[in-house]
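Student: My questions will all concern the structure given below.
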Amino acid sequence: MLLLPSLIQKRRSCRAYRPDPVPQDLIEILLEAARQAPSA
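Position 31 of the sequence shown, counting from 1, maps to 41 under this note's numbering, and the rest follow consecutively.
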């Protein structure tokens, strides 16, 4: 399980965002993935 420590160490906080709009179909895909994710 070496992947998790690597992910934690390499994480970044995004403070600036691109002005490009996010396509509606991408938003729907991400929301559906979040809806199906385990919550406990």
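Don't be surprised by glycine CBs; every beta carbon is placed ideally from N, CA and C.
If you reduce the DSSP assignment to three classes, tell me which class ARG21 lands in.
Tutor: In the structure shown, ARG21 sits in coil (DSSP, three-state: anything other than H, G, I, E or B).
Student: For chain B, check one thing: does any of its Cβ atoms lie closer than 8 Å to the Cβ of PRO29?
Tutor: No chain B appears in this structure, which consists of one protein chain only.
Student: Indicate the three-state DSSP secondary structure (helix, strand or coil) for ARG45 in the structure shown.
Tutor: Here ARG45 sits in helix by DSSP.
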